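Colleague: The listed protein sequences derive, respectively, from chains A and B.
For the first sequence, position 12 (counting from the first letter as 1) is numbered 18 according to the numbering used here, and the numbering increases by one without interruption.
For the second sequence, position 166 (counting from the first letter as 1) is numbered 168 according to the numbering used here, and the numbering increases by one without interruption.
Glycine included, C-beta positions come from ideal geometry on N, C-alpha and C.
The structure displayed is predicted, hence computed values, not measured ones.
Got a structure here, written out as structure tokens. Questions coming.
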Amino acid sequence: MGINLLNAKTLAERLRSAFVVDNRWLLYFQGLGNTILMSLFAVCIGVVLGVLLAAVIYTTKKTGKLKIPAAICNVYITIIRGTPVVLQLFIMYFIVLVSVKNGIVVGAVTFGLNSAAYVAEVARAGLESVDEGQMEAGRSLGLSYSKTMFKIILPQAFRNIIPALFNEFIALVKETSVAGYVGILDLGKVPGLIQSRTFDYLFPLLFASLLYLVVVYLLTLVEKLIEKQLAKSDKNGGKKIITGGRKKCKNRS
Amino acid sequence: MQEPLIKTVDLKKSFGDLTVLDGISVDVYEGEKVVVIGPSGSGKSTFLRCLNLLETPTEGAIFFEGNELTNSSDLEEHRKKMGMVFQHFNLFPHLTVLKNITLAAVEARLAEKKKQKLKITKKEIVAEETERAMKLLARIGLQDKANVYPSTLSGGQKQRIAIVRALAMNPKVMLFDEPTSALDPEMVGEVLSLMKELADEGMTMIVVTHEMRFAREVSTRVLFMDGGKIAAEGPPEEIFGSPKDERLKSFLSKVL
């Protein structure tokens, strides 16, 4: 079959049907746009909520306050990390947010809530990597707990977790490719869509993969840029950089 | 008789089964330079850290300017008036030297501005505090380090900046927790001489240290702690010149 296809069509024709016919190239970029849109919102939700979760858990550990909120945070993290993101997407799409017509919104919220659990663990490790003396120094100068947290602890924690955080962002971008399961036209969905009309997967798959690669590569460039900026302020600092997070993107819960 | 600046009443602190402070009652008056000495694990640092409630005492009371601290809702206001210097400096590594010094003062004044609806702008506050900080830096001869980050400084420089950072809050008392213990020997002198200067200017100081010479020369009163209690107390001449307590004698024989 494959050989027949090769014989029947020249490479140029296959390219043409993958990109030019019916302006199909637009589909890739529409998909890419949706993927980026979902990822961006998801990252924002994930970081804000994740840092909040981490701050609550950290506060409980250090001061013994906020015990009940911390317990709730821990349950949340356990459930989110313990179930597949595809099922979470189904639950959101078909049950919780069934009244929301815009699939992109459902996707962004789902991936954001999912990412928050992972960001929370990364951020918690970051908070714990900051020397205890920093909190004491801040408090002894009369700064409140929250001021010390925002001005002194979090900035240092942030610099320590950049590699792990970007690991999470990268995983998240690729993870949004399951959005196609609920009919969202994201980049991961496009090759299948085109193949269903042309019966040819080759170029659609290659090109969609290339686009993901470009996005992820740009992300790593941003990471390097931020690290470079921060390195200026801390010549021999950053000893406690935390790497890790989730290494594999697919097949994780 | 004037009221003591700091007064502790039967202060106790235990970590689980371990009793670290076993009933400490001390009055510190304005202008006094109290040096706390004693063997490792005697509770000196814990005592000092209880004074501004970095450690919460298990029992007892702490009065600062007549206000009880252990259940004070205004703890931050009191802490501003108690400068603290740590063994490991605890400078903020992500901020420049200048920002290290001005951060808390600027925050304090911004809070005041908000509370009292003052007309002054944030920019003016920052400018004023920066000027004050530069004067403080000039005093220790480190103006040229204003815009560098702490990681580029020597231990002695870091500790002197940590002292200046505490001074920027205009504290009524300075608490020193083994300020020279983490320093290389050749840097101990510069830190001690800055502390001595402060003492000469009349700053009230409570210093936990192993520097017996400093204790002898600068202090107005020495507390010798052992096993979570104050085992001996008196002017330095008496403590070092004619110690009576057996434990104090044995301690001094080891460190002098």
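Mind checking whether S196 of chain B and A170 of chain B have CB atoms under 8 angstroms apart?
Modeller: For clarity, residue 196 of chain B is Leu in the given sequence; the question names Ser instead. In this structure, A170 of chain B does not lie closer than 8 angstroms to L196 of chain B by Cβ.
Colleague: May I have the straight-line CA-CA distance separating Y151 of chain B from I101 of chain A, to the nearest angstrom?
Modeller: When rounded, the distance between both Cα atoms is 53 angstroms.
Colleague: Spell out whether any CB of chain B is found under 8 angstroms from the CB atom of R145 of chain A.
Modeller: So, interface residue.
Colleague: Determine the chain A residues that contact M171 of chain B at a beta-carbon separation under 9 angstroms, and present them in chain order.
Modeller: The contacting residues are L147 and G148.
Colleague: Do the region 212 to 222 of chain A and the region 193 to 201 of chain A touch if we need at least three Cβ pairs shorter than 8 angstroms?
Modeller: Yes, they touch.
Colleague: For P161 of chain A and chain B, any beta-carbon pair shorter than 8 angstroms?
Modeller: Yes - at least one Cβ of chain B is within 8 angstroms of the one on P161 of chain A.
Colleague: Note down, in chain order, each residue of its chain lying with its Cβ closer than 6 angstroms to the Cβ of L38 of chain A, except the 5 sequence neighbours on either side.
Modeller: Once the five neighbours on either side are set aside, the close Cβ partners of L38 of chain A are L193 and L217.
Colleague: List in chain order: all unbroken beta strand (DSSP E) runs of 3+ residues lying wholly within the region 178 to 240 of chain B.
Modeller: The qualifying runs are 206 to 210, 223 to 228 and 231 to 236.
Colleague: Does any residue of chain B bring its CB to less than 8 angstroms from the CB of I168 of chain A?
Modeller: Chain B, which has no Cβ nearer than 8 angstroms to the Cβ of I168 of chain A, makes this no.
Colleague: Look at the alpha carbon of S105 of chain A and the alpha carbon of Q36 of chain A, and state the distance between them as a whole number of angstroms.
Modeller: Going from the Cα of S105 of chain A to the Cα of Q36 of chain A covers about 24 angstroms.
Colleague: Give the DSSP bridge partners of M176 of chain B, in chain order.
Modeller: Partner(s): B:G85 and B:M207.
Colleague: Can you list, in chain order, the residues of its chain whose CB lies under 6 angstroms from that of V209 of chain B, leaving out five sequence neighbours each side?
Modeller: The residues are V37 and F178.
Colleague: Looking at the strands, I want to know which residues DSSP matches up with T272 of chain B.
Modeller: This structure leaves residue 272 of chain B out entirely; chain B is present only between 3 and 258.
Colleague: List the endpoints of the continuous alpha helix (DSSP H) containing K119 of chain B.
Modeller: Neither: K119 of chain B is in no alpha helix (DSSP H) and is coded neither H nor E.
Colleague: So which residues on chain A does F94 of chain B lean against when the C-beta distance must stay under 9 angstroms?
Modeller: The contacting residues are Q140, A143, G144, K157, I158, P161 and Q162.
Colleague: Taking its Cβ as the centre, do 16 or more other Cβ atoms sit within 10 Å of P95 of chain B, making it buried, or is it exposed?
Modeller: Buried.
Colleague: By DSSP, does N69 of chain B sit in helix, in strand, or in coil?
Modeller: If DSSP states are grouped into helix, strand and coil, N69 of chain B belongs with the strands.
Colleague: Can you name the residues that DSSP bridges to K267 of chain B?
Modeller: No answer is possible for residue 267 of chain B: it lies beyond the span of chain B, which begins at 3 and ends at 258.
Colleague: Using 8 angstroms as the threshold, is the region 87 to 105 of chain B in touch with the region 157 to 164 of chain A, meaning 3 or more CB pairs across them?
Modeller: Touching, yes, given that three or more Cβ pairs across the two stretches are closer than 8 angstroms.
Colleague: Mind reading off the beta-carbon distance from L72 of chain A to F117 of chain A? Whole number of angstroms is fine, and I expect it under 8 angstroms.
Modeller: Incorrect: roughly 27 angstroms between the Cβ atoms, too far for contact.
Colleague: List the residues of chain B that K153 of chain A touches, going by C-beta distances under 8 angstroms, in chain order.
Modeller: In chain order: E109.
Colleague: Between the C-alpha atoms of S153 of chain B and R165 of chain A, what's the straight-line distance to the nearest angstrom?
Modeller: Answer to the nearest angstrom: the Cα atoms are 15 angstroms apart.
Colleague: Helix, strand or coil for K124 of chain B, going by three-state DSSP, please let me know.
Modeller: It is helical.
Colleague: What does E70 of chain B touch in chain A if you count any residue whose Cβ is under 9 angstroms from its own?
Modeller: Going along chain A, no residue has its Cβ under 9 angstroms from E70 of chain B, so there is no contact; the nearest lies around 18 angstroms.
Colleague: Give me the residue from B:A129, B:T123 and B:L200 with the minimum Cα distance to R141 of chain B.
Modeller: Looking at the Cα atoms, B:L200 is the closest of the given residues.
Colleague: Compare the beta carbon distance of A114 of chain A and I83 of chain A with 8 angstroms and say whether it is the shorter of the two.
Modeller: For A114 of chain A and I83 of chain A, no; Cβs fall outside 8 angstroms.
Colleague: Straight-line CA distance for A18 of chain A to A24 of chain A?
Modeller: One C-alpha to the other measures close to 10 angstroms.
Colleague: Terminal residues of the continuous alpha helix (DSSP H) containing E19 of chain A?
Modeller: That run of the alpha helix (DSSP H) goes L17 to L21.
Colleague: Note down, in chain order, every chain A residue with its Cβ under 8 angstroms from the Cβ of K82 of chain B.
Modeller: Correct list: L147 and G148.
Colleague: Out of A:N108, A:T154, A:S152 and A:P169, which has the shortest C-alpha to C-alpha gap to K234 of chain A?
Modeller: Ranking the options by Cα distance to K234 of chain A, first place goes to A:P169.
Colleague: Determine, using beta carbons only, whether I190 of chain A and G88 of chain A come nearer to each other than 8 angstroms.
Modeller: Result no, Cβ atoms of I190 of chain A and G88 of chain A do not sit closer than 8 angstroms.
Colleague: DSSP has F35 of chain A in a bridge; who is on the other side?
Modeller: In DSSP, F35 of chain A forms no bridge with anything.
Colleague: Are Q140 of chain A and N92 of chain B touching if we call contact CB-CB under 8 angstroms?
Modeller: Yes.
Colleague: Cβ closer than 8 angstroms: which chain A residues qualify as neighbours of L56 of chain B?
Modeller: Here the neighbours are E142, R145 and S146.
Colleague: Looking only at its own chain, which residues have a Cβ that is under 6 angstroms from the Cβ of G45 of chain B, when we skip the five neighbours before and after it?
Modeller: Excluding residues within five positions, the ones whose Cβ falls inside 6 angstroms are V22, L23, M227 and G230.
Colleague: Let me check understanding here. Comparing Cα to Cα, which of A:V54, A:S183 and A:G70 lies closest to Y34 of chain A?
Modeller: The residue with the shortest Cα to Cα distance from Y34 of chain A is A:S183.
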